[in-house]
Structure formats: structure tokens, C-alpha cells
Amino acid sequence: MSRKKRPEELRSHRWLGVADMRSFGHRSRLRQIGYDSDDWQGKPVIGIINTWSEINPCHAHLRARAENVKRGVLQAGGFPIELPAISLSETFVKPTTMLYRNLLAMETEELLRSHPLDGAVLMGGCDKTTPGLIMGAISMGLPAIYIPAGPMLRGNWNGQYLGSGSDVWKYWTEKRAGNINDQEWDEIEGGIARSFGTCMVMGTAATMMAITEALGMALPGSSSIPAADSNHPRMCGQAGRRIVDMVWEDLPPEKILTPAAFDNAIKVHMAMGGSTNAIIHVVAMARRAGINVDMETFDRLSREVPVLANVRPSGKHLMEDFFYAGGLRAMMQNLREKLDLSCMTVTGKTI
Ligand code: FES
Numbered sequence: 010m011s012r013k014k015r016p017e018e019l020r021s022h023r024w025l026g027v028a029d030m031r032s033f034g035h036r037s038r039l040r041q042i043g044y045d046s047d048d049w050q051g052k053p054v055i056g057i058i059n060t061w062s063e064i065n066p067c068h069a070h071l072r073a074r075a076e077n078v079k080r081g082v083l084q085a086g087g088f089p090i091e092l093p094a095i096s097l098s099e100t101f102v103k104p105t106t107m108l109y110r111n112l113l114a115m116e117t118e119e120l121l122r123s124h125p126l127d128g129a130v131l132m133g134g135c136d137k138t139t140p141g142l143i144m145g146a147i148s149m150g151l152p153a154i155y156i157p158a159g160p161m162l163r164g165n166w167n168g169q170y171l172g173s174g175s176d177v178w179k180y181w182t183e184k185r186a187g188n189i190n191d192q193e194w195d196e197i198e199g200g201i202a203r204s205f206g207t208c209m210v211m212g213t214a215a216t217m218m219a220i221t222e223a224l225g226m227a228l229p230g231s232s233s234i235p236a237a238d239s240n241h242p243r244m245c246g247q248a249g250r251r252i253v254d255m256v257w258e259d260l261p262p263e264k265i266l267t268p269a270a271f272d273n274a275i276k277v278h279m280a281m282g283g284s285t286n287a288i289i290h291v292v293a294m295a296r297r298a299g300i301n302v303d304m305e306t307f308d309r310l311s312r313e314v315p316v317l318a319n320v321r322p323s324g325k326h327l328m329e330d331f332f333y334a335g336g337l338r339a340m341m342q343n344l345r346e347k348l349d350l351s352c353m354t355v356t357g358k359t360i
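In my numbering, the protein residues as written are 10 to 360.
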């Protein structure tokens, strides 16, 4: 780690490090929570923005995963603080989560701005949560690392793998045609979503998690890890360690999110056969970063990029299979042999 900052230059020092009455209040109230000066003095304060909620099954594990992040932050000499943010549960929120993406972006930005934080860990994955978190982090400009919630395990019924979304339509049609009965329909209801994590087809969630990794905002390889795989909590610990160094190295999103990074993300989107909803979110994220991305950009890049992934609904398999086949890291390697795909990531390296 190359240190560019001294402890007195940390943003949190303005709250916690100065000898005035206001800082006395901040410190005394941290002590009220049970922390002592050894917990924070001279350390980067890391805000863990967690979109966990009891009614978001895609994020049901993020409460526990925040503890893995905290472990990593502490190991690297930081001070972790978890802050809850609105959880946009695609399966429950009516009329549509799209009304709240920008609310999450504002909440993320203002949580980061208003508290004594030096860096951010962004935890989400269910559809609009990824762009919401990233947009807010871009506007605030603190070093930030995204933790993808990861896809749930494959669905199972009657010896067959079930995919979120696509198989609901398929078997609903079968039921209406009289080809399956009420008991079978009930069994499918119990088997189609059998672990925490996001939808495990290449829908908006898997697409946006992969795009965010391709932008450089998540650890390489992180977006393909199934939520229930033990690689996932290990990745959370790595992200916790890494964000502390990102603060010392002064690596905010603006150093990562270049026009080339967005080109990479769109190429990866095309190679995955990703969701068309991504167009709306990528344009919004790019504009937050002051980069012009429009439909013409998607059209131009789509003409250069072959579809490589074979994941439903455009392909045959599910995200768990994609992970076992090497995941996004392997796919990007394959793509690099055909196209220029180098970009800076949260690791501080160009890959
Ligand atoms: Fe959360 Fe599909 S419902 S990712």
C-alpha cells in the first residue's frame, strides 16, 4: 500500500480529531455507544451502506455479511460503521422499485456526506439497488467498493433446474393448460427460490452486478459468486480490507470511472446477453460520473461484441453454472483476447 494521506488529512478527522467543543460532543457520543478512542483515533472510518431488510429475500444474507466486512476493515486498521439504507425488494415493492432508485441514490450520497466517513462499502444486488448505490457513491466521491449480493442457488423441482422469472411464466402457462396440477404448482412455488441471493438468471440483478464489476467498482470475480457459497463471505472480508487501503491511497470513483470503464461495462453487458434494463441504469450512472453514454454508444459497441455467456433467458444455464464455468473473470479473459478491455479497478491496478 502506498500511503498518500496522513491521519490528520482524513475527512473523519474534522469530526473526531480536533480539540473543540463540537468534536468533544462527537467523541463523547461514540463513547456512549461503547467505543473508545483506540477504536477510531487515526483510523479511516468506513461506512457500510447496507440494503438488508427482512422483506428483501435477495439481500437476506447481507446482515450477516456486514460482519464479514467489518472483520476485514478491523484487520486492515479501519473503523467500520454500518448504516442501513432503503432496501428495494423487487418482489414486494409496488408499484415499482424504479420509483425509488433515485431515492436510494440520494440516501446513499447523503448518508456518506453527513457522517464522519472516509470510505464506503456498498452492499446490494437486487435490481435497482446496484445503480442506486453506485450513483450515490459517485456523487459523493469518497473511495467506495461495491459488494454484489450474489445470485441465489439454482431452483429445483422434480429433477429439473428452475430459473427465477422465466420458469414462473413457463409453468404458469402449463398450469393454465392443465398440464400440471395444484400440488405440482405448490411444489414449484417452494422450489424455485431455495436460497438467499438475487435472481439467478441473467436478469437485471445479475447484469448490473457484472456491469459494476466490469466498471472496476467491485473486486474482480466477485459478481459471479453465488450468495450461499463460502467464497461470498470471504470476498466480503477482502472488500473490507481493501477499502481501508483505498482511503489511504485516495482512490475515489472518479479515478476508476473513465469513459473506457463504461465502454468495458457495455462490452461485458453485450457479451453476457444481459438485461436491456441495464441501458437505463448505465446511462444514469455514466451521467453521474460526467461521462456521455447514450443509445448510440450501446449500438456501436454491440456491433463489435459476440455473446459469450450462455445463461437464461437468452441462453441455457443459470448463474450458478456460470460461476462453475469460471464466472465473469473467465468471460472477461476470453473477451480480452478479442477486444481491448483494460481498466482500473478498486484493486488500484489496471487489469
Ligand atoms: Fe431481487 Fe430478482 S427479485 S434480484
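All C-beta atoms, glycine included, are put in the ideal place defined by N, C-alpha and C.
- Contact residues of the ligand FES (beta-carbon closer than 5 Å to any heavy atom; chain order) are Cys67, Glu99, Thr100, Cys135, Thr207, Cys208, Ala214.
- If you draw a straight line from the Cα of Ile42 to the Cα of Leu108, it is about 35 Å long.
- Listed in chain order, the non-local C-beta contacts of Lys13 below 8 Å within the same chain comprise Trp257, Glu258, Asp259, local neighbours out to five positions each way being set aside.
- The straight-line gap separating the alpha-carbon atoms of Ala318 and Val277 is approximately 10 Å.
- Phe88 and Gly128 have their C-alpha atoms roughly 10 Å apart.
- Contact check for Ile147 against Pro262 passes: the beta carbons are separated by less than 7 Å.
- Rounded to whole angstroms, the separation of the alpha carbons of Trp181 and Ile189 is 9 Å.
- With contacts defined by Cβ atoms closer than 7 Å, Leu337 and Ser204 do not form a contacting pair.
- The count of Cβ pairs closer than 8 Å, one atom from the segment 267-285 and one from the segment 341-356, reaches three, so the stretches are in contact.
- Counted as a single uninterrupted DSSP element, the alpha helix (DSSP H) harbouring Pro242 occupies residues 240-258.
- Here Arg321 is buried. Its C-beta has 16 or more other C-beta atoms within 10 Å.
- Here the C-alpha atom of Glu91 lies approximately 9 Å from the C-alpha atom of Glu76.
- Contact between Gly56 and Gly246 fails: their C-beta atoms lie close to 17 Å from each other, not under 8 Å.
- In the DSSP secondary-structure assignment, Phe271 is not bridged to any residue.
- Thr117 is positioned such that its CB atom lies closer than 7 Å to that of Gly145.
- Counting C-beta pairs with one atom in each stretch, the segment 295-306 and the segment 247-255 have fewer than three that are closer than 8 Å, which means they do not touch.
- Sixteen is the threshold: since fewer than 16 other Cβ atoms of the shown chains lie within 10 Å of the Cβ of Val27, the residue is exposed.
- Taking 7 Å as the cut-off, the Cβ atoms of Ile64 and Ser98 count as close.
- Counting only residues of its own chain and dropping the five nearest sequence neighbours on each side, Thr213 has a CB closer than 6 Å to the CB of Asp136, Ser284, Asn286.
- In this structure, Phe332 sits near Pro235, with a CB-CB distance shorter than 7 Å.
- Ile201 is not a Cβ neighbour of Ala274, given a cutoff of 7 Å.
- Phe307 and Arg163 have their C-alpha atoms some 30 Å from each other.
- A straight-line Cα-Cα distance of about 48 Å links His35 and Gln342.
- Comparing alpha carbon positions, the residue from Glu119, Val130, Gly206, Gly141 closest to Ala293 is Gly141.
- If you draw a straight line from the Cα of Phe33 to the Cα of His68, it is about 37 Å long.
- Membership of Phe33 in the alpha helix (DSSP H) is indicated by the continuous run 30-42.
- In this structure, DSSP gives Leu151 a state outside helix and strand, which the three-state scheme calls coil.
- Taking C-alpha positions only, Trp24 is separated from Gly51 by approximately 12 Å.
- For Met132, the enclosing beta strand (DSSP E) covers residues 128-133.
- Annotation: Ile234 is outside any beta strand (DSSP E) and is labelled neither H nor E by DSSP.
- One alpha carbon belongs to Ile265, the other to Glu193, and they sit about 49 Å apart.
- Secondary structure note for Val54: its beta strand (DSSP E) is the uninterrupted segment 54-59.
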